[in-house]
Structures are given as structure tokens and as C-alpha cells.
Amino acid sequence: MTDIHPNQRVAMLADAQNLYHSAQSLYSRNIDYSALLSKGVSERELVRAIAYVIRADSPEEERFFEALQDIGFETKIKDIKTFGDGTKKADWDVGISLDAVTLANHVDVVVLCTGDGDFSRLCSHLRHEGVRVEVMAFGSSTADELVGAADSFLDLSEREETFLL
Numbered sequence: 000m001t002d003i004h005p006n007q008r009v010a011m012l013a014d015a016q017n018l019y020h021s022a023q024s025l026y027s028r029n030i031d032y033s034a035l036l037s038k039g040v041s042e043r044e045l046v047r048a049i050a051y052v053i054r055a056d057s058p059e060e061e062r063f064f065e066a067l068q069d070i071g072f073e074t075k076i077k078d079i080k081t082f083g084d085g086t087k088k089a090d091w092d093v094g095i096s097l098d099a100v101t102l103a104n105h106v107d108v109v110v111l112c113t114g115d116g117d118f119s120r121l122c123s124h125l126r127h128e129g130v131r132v133e134v135m136a137f138g139s140s141t142a143d144e145l146v147g148a149a150d151s152f153l154d155l156s157e158r159e160e161t162f163l164l
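Following numbering that gives the first Met the number 0, the numbering of the sequence shown begins with 0 at its first residue and continues without gaps.
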């Protein structure tokens, strides 16, 4: 495991849908993205912070997207898809993974803000490439394989007062 030091270049990739649904189902509250970014960077050099969001035509979502940008996140927005049978789907797994692999040559640390176990293979790849991987998510809704694949895991549930609004 790579030590943490102030000269590290950090990219934070936040899976907003995963964080939102976890915070809502566990606490009926929202994420404090400012606190998330501050703790994730931890006085290191921020190279990029990207929040991956879904546009679902909710009245308050544009304000949320703007708030993320004001905090310092670049937003990547995907429209929700509705299929013929009425089911809806939207996720950023491939987009997050591609950005992480692309950024790996430009950063020392990737902070993944998600509990999705699909990212465990990405963590292993990044670590193999010499990139430190830190995961920030809610412990009870985070896949064990993701925790095991990361260099460190910060359980947001242990600091509700910091990470929840």
C-alpha cells in the first residue's frame, strides 16, 4: 500500500446515484458533497473531481448539478433510459471505469465514491498500475469485494454528522 503524503495527485470519482440511494435508504438524508470532496482530497493536490449523475427530469436536479459544480465537481450527466416494458435504467459503470483508467497516468490516487462491487476489478487494475485506490461509501451497502480490492475504505456511516445533510 502506498503511503499518503501531501504531494499526491488525486482524482475523485463520485457515483452520485449509488451514494444517493444508499444515503436515502439508510438515513433518508442527502450526501454533503463538499465534505466528501474535502475528506477525499485530504490536503493533497486535486487533479479532477467528477460526479456522475443521472438526469431523471426531477424539478430540483438542475440546482443539484449546479451545486456540485460550485463545490468543485465536474458533472457528467446521462439521461435515464425508459424501455418499451416501462423499466428504466441508467448507470455510469463503464464511464467511471474508463475515466479512472485514463486518469491513472496522471494521478497517484483515485478516490472512488461508490459501494458498487462492479468496481472491484477496476481497483485491482489501478493498483497493479501503481495507483492508490481509496473507496468512500456506506459500509452496510458496500460490496465486500470492493472493500477488499481497495487500498483503504472510509465508511461514511461512521461519520454521519460529517457526510450527511
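Built from N, CA and C at the ideal position, the CB exists for glycine as well.
**Q.** Residues of its chain near aspartate 92, where Cβ-Cβ distance is below 6 Å and the 5 sequence neighbours each way are ignored
**A.** Within the sequence shown, residue 92 is the residue found at index 93, counting from 1. Same-chain partners within the cutoff: Asp117.
Q. Around the C-beta of phenylalanine 82, are 16 or more other C-beta atoms found within 10 angstroms, so that it is buried, or is it exposed?
A. Start at 1 with the first residue of the sequence shown, and residue 82 comes out as number 83. The residue in question, phenylalanine 82, is exposed, as its Cβ has fewer than 16 Cβ neighbours within 10 Å.
**Q.** According to DSSP, residues forming a beta bridge with alanine 99
**A.** As a first step, residue 99 is located in the sequence shown; it is residue number 100 there, counting from the start. None; alanine 99 has no bridge partner.
Q: Go to glutamate 128, then tell me how far its alpha helix (DSSP H) extends in each direction, as first and last residue.
A: One-based indexing of the sequence shown puts residue 128 at position 129. Looking at the DSSP string, glutamate 128 is not in any alpha helix (DSSP H), and its letter there is neither H nor E.
Q.
When you compare the segment 109-124 with the segment 143-154, are there three or more beta-carbon pairs, one atom per stretch, that lie closer than 8 Å?
A. yes
Q. The ligand NAP heavy atoms versus the CB of leucine 97: any closer than 7 Å?
A. As presented, the structure is devoid of all ligands, the ligand NAP included, so that no description of it is given.
Q) In chain order, what residues of the same chain lie with their CB nearer than 8 Å to the CB of valine 46, ignoring the 5 residues before and after it? A) Translated into the one-based positions of the sequence shown, residue 46 becomes position 47. Arg8, Val9, Ala10, Leu102, His105 and Val106.
Q | isoleucine 49 versus Ser57, Ala66 and Glu59, residue with shortest Cα-Cα distance | A | In the sequence shown, the residue the question calls residue 49 occupies position 50. If we check each option's Cα against that of isoleucine 49, Ala66 comes out closest.
Q | Extent of the continuous beta strand (DSSP E) to which isoleucine 49 belongs | A | For the purposes of this step, residue 49 is taken as residue 50 along the sequence shown, with counting starting at 1. Segment 44-54, the beta strand (DSSP E) holding isoleucine 49.
Q) Mind checking whether glutamate 128 and tyrosine 26 have CB atoms under 8 Å apart? A) Numbered from 1 along the sequence shown, position 129 holds the residue referred to as residue 128. Numbered from 1 along the sequence shown, position 27 holds the residue referred to as residue 26. No, Cβ-Cβ distance for glutamate 128 and tyrosine 26 is not below 8 Å.
Q. In angstroms, rounded to a whole number, what distance separates the CA positions of aspartate 152 and glutamate 133?
A. Taking the sequence shown and counting its residues from 1, one reaches residue 152 at position 153. Taking the sequence shown and counting its residues from 1, one reaches residue 133 at position 134. Looking at the sequence shown, residue 152 is not aspartate but phenylalanine. One C-alpha to the other measures close to 6 Å.
Q) What separation, rounded to the nearest whole angstrom, lies between the Cα atoms of threonine 113 and arginine 131? A) Position 114 of the sequence shown, counted from the first residue, corresponds to residue 113. Position 132 of the sequence shown, counted from the first residue, corresponds to residue 131. Roughly 16 Å separates the two Cα atoms.
Q) Name the DSSP beta bridge partners of cysteine 112, please? A) Numbered from its first residue, the sequence shown carries residue 112 at position 113. Paired residue(s): Ala13.
Q) If you draw a straight line from the C-alpha of serine 140 to the C-alpha of serine 21, how long is it? A) Along the sequence shown, one-based indexing puts residue 140 at 141. Along the sequence shown, one-based indexing puts residue 21 at 22. When rounded, the distance between both Cα atoms is 7 Å.
Q. Could you check where the alpha helix (DSSP H) with serine 139 kicks off and where it finishes?
A. Against the sequence shown, residue 139 aligns to sequence position 140. First-last for serine 139: undefined, no H or E at that position.
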